[in-house]
Every structure is written in C-alpha cells, then in structure tokens.
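Asks:
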Amino acid sequence: GAGVSQSPSNKVTEKGKDVELRCDPISGHTALYWYRQSLGQGLEFLIYFQGNSAPDKSGLPSDRFSAERTGGSVSTLTIQRTQQEDSAVYLCASSVRAPLQESLYFGPGTRLLVL
Amino acid sequence: AQTVTQSQPEMSVQEAETVTLSCTYDTSENNYYLFWYKQPPSRQMILVIRQEAYKQQNATENRFSVNFQKAAKSFSLKISDSQLGDTAMYFCAFMKHGGAQKLVFGQGTRLTINP
Numbered sequence: 003g004a005g006v007s008q009s010p011s012n013k014v015t016e017k018g019k020d021v022e023l024r025c026d027p028i029s030g031h032t033a034l035y036w037y038r039q040s041l042g043q044g045l046e047f048l049i050y051f052q053g054n055s056a057p058d059k060s061g062l063p064s065d066r067f068s069a070e071r072t073g074g075s076v077s078t079l080t081i082q083r084t085q086q087e088d089s090a091v092y093l094c095a096s097s098v099r100a101p102l103q104e105s106l107y108f109g110p111g112t113r114l115l116v117l
Numbered sequence: 297a298q299t300v301t302q303s304q305p306e307m308s309v310q311e312a313e314t315v316t317l318s319c320t321y322d323t324s325e326n327n328y329y330l331f332w333y334k335q336p337p338s339r340q341m342i343l344v345i346r347q348e349a350y351k352q353q354n355a356t357e358n359r360f361s362v363n364f365q366k367a368a369k370s371f372s373l374k375i376s377d378s379q380l381g382d383t384a385m386y387f388c389a390f391m392k393h394g395g396a397q398k399l400v401f402g403q404g405t406r407l408t409i410n411p
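Written out as structure tokens, the structure is:
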C-alpha cells in the first residue's frame, strides 16, 4: 500500500519568509511525528501527534515552529520568519499505536533551503 | 535523558564481505526498543531491524542481524554478504517502552559497499 508522503520534496525560500511543509501519513496510523535532519547530523525530534491527544511539542526549537494535524490525518509543519539555520531535511513518520507494533514508517522528507 | 552513540562516521567494505556497525546507548530504562534504520540517497528512512530489550535472543532479518548486549548497552548491526544496494547511511535508534514514542537517534554511519 501507499507509504508516508511529503510535499514539497524540495523548498527554497528567502530568509524571513514563512513556509508550510505537508505530511500525509499511512491510512489508519494514529501516531505522527516530525523530525529534522541537519546536514551530517542525526535526526532531531520536533513534535508528536497521537490520536486526539494534545501533541507533544517538546522538540520544537522556537516559537517560530508550529504544527497541526487536521482530522487525525494530514499534518502541516509551519516555520515562520525562516532563518538560515532552519535549512535541513524535515522528515515525517507515522505508526500504528498498538502494543509491540511501534515501528515508525518514514516519508522521503522535504529538503528546505533558506537563503 | 537517553543518548545514542555511533562511533564510526564512515565505513567501506567490498561486496560480499561482512560488516559490523557499532552502536552504544545510555539509559536508565529497563524496557525499551532498539532499531537500525537505513537511509539511502533517496532520503527515505527504512526500518532494517528492531530489538525488544526484554528479549535475550538477537533479532535477525535475512542478511541483517544484531548483537544485543544489554548489560554493556551495546547494539551492533551485522550485514552478511553485503550488496551494492546496502550502500546508505545507517542510524541506530532508541525508544523507551510506553509513553510517547520518541526515537532518539545516533549520528549515523555512512556505509559504502564497493564492487
């Protein structure tokens, strides 16, 4: 079946502009994550949604970052007033919340470049 | 807080050889999961193998196997009969059981399989 999809695959923007990154999780997956991968680095947790519970926003680096998940499916990560240090690959992942089935399925990512 | 360390930034082997990637982690948790993910140039993260900490038996998936040493907090990945398609970044990751399913990643090992 279809995997996790993300759009756009690449985004170039100017410093100070706002950007929106989209994630379509696997159908039926109730958990959705956003991670950030900077050049040559591992993955940094940003935010986690689980069903109708309040999201875990503990990884968001500043108040310029926000995310929402509409209808328990599609999620949008918004970065306001982008800075050059926001340049990274933003990865979305989803999983089925069930005992011992906690593998995450990642999307291909959005590469963001802030000039 | 949990940390994951991959001490080998890069590795290179010949096709058909066996290669072992190292991973150590630090945690005070007793129940947790460990993962190895593969990230090819396409950027999509692919789950290679996972291990539940309560299981003493090492996980295997075809040519991929792990050496899980809980007391030593070590979780190495062995790739047997390596293939050109195994060329990728490999990330070791930790997730505690229960609560938010946050993966904590290592910095990654870039593996190159040479013909």
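One line per chain: the protein sequences are C and H, in this order. Just so you know, we're using this note's numbering here: the first sequence kicks off at 3 and counts up by one. Just so you know, we're using this note's numbering here: the second sequence kicks off at 297 and counts up by one. Glycine included, C-beta positions come from ideal geometry on N, C-alpha and C. Given the structure is predicted, the values throughout are model-derived calculations rather than measurements.
(1) Which residues of the region 41-54 of chain C have a Cβ closer than 9 Å to any Cβ of chain H? Give them in chain order.
(2) Can you pull the chain B residues whose beta carbon is under 8 Å from the beta carbon of residue 339 of chain H, in chain order?
(3) My output table needs one value for residue 347 of chain H: the three-state DSSP class, helix, strand or coil.
(4) Where residue 388 of chain H and residue 14 of chain C are concerned, what is the direct C-alpha to C-alpha distance, given to the nearest angstrom?
(5) For the putative contact between residue 90 of chain C and residue 35 of chain C, defined by C-beta atoms under 8 Å, what is the C-beta separation to the nearest angstrom?
(6) Quick one: using the 10 Å Cβ neighbour count with 16 as the cut-off for buried, is residue 27 of chain C buried or exposed?
(7) Applying the criterion that 16 or more other CB atoms from any shown protein chain within 10 Å of the CB defines a buried residue, is residue 312 of chain H buried or exposed?
(8) Could you name the residues of chain C that residue 387 of chain H contacts, counting a contact when the two beta carbons are closer than 9 Å?
(9) Which word fits residue 100 of chain C, buried or exposed, when buried means at least 16 other C-beta atoms lie within 10 angstroms of its C-beta?
(10) If you drop the 5 nearest sequence neighbours on each side, which residues of the same chain put their C-beta closer than 6 Å to that of residue 347 of chain H?
(11) Three or more C-beta pairs under 8 Å: does that hold for the region 373-387 of chain H against the region 302-312 of chain H?
Replies: The relevant details are as follows:
(1) Listed in sequence order: 42, 43, 44, 45, 46, 47, 50 and 52.
(2) The structure shown contains no chain B; the protein chains it does contain are C and H.
(3) Looking at residue 347 of chain H - three-state DSSP - the assignment turns out to be strand.
(4) Taking the straight line joining both Cα atoms gives about 30 Å.
(5) In this structure, residue 90 of chain C and residue 35 of chain C do not form a Cβ contact; the two beta carbons are roughly 15 Å apart against a cut-off of 8 Å.
(6) So residue 27 of chain C ends up on the buried side.
(7) Classification for residue 312 of chain H: exposed.
(8) Here the neighbours are 44 and 45.
(9) Only weak support exists for where residue 100 of chain C lies, its pLDDT of 47 falling under 50; the value from the coordinates is given anyway. Looking at its Cβ environment, which holds fewer than 16 other Cβ atoms inside 10 Å, residue 100 of chain C is exposed.
(10) If we look at residue 347 of chain H and ignore the five residues flanking it on each side, its Cβ neighbours are 330, 355, 362 and 364.
(11) With the cut-off at 8 Å, the region 373-387 of chain H and the region 302-312 of chain H touch.
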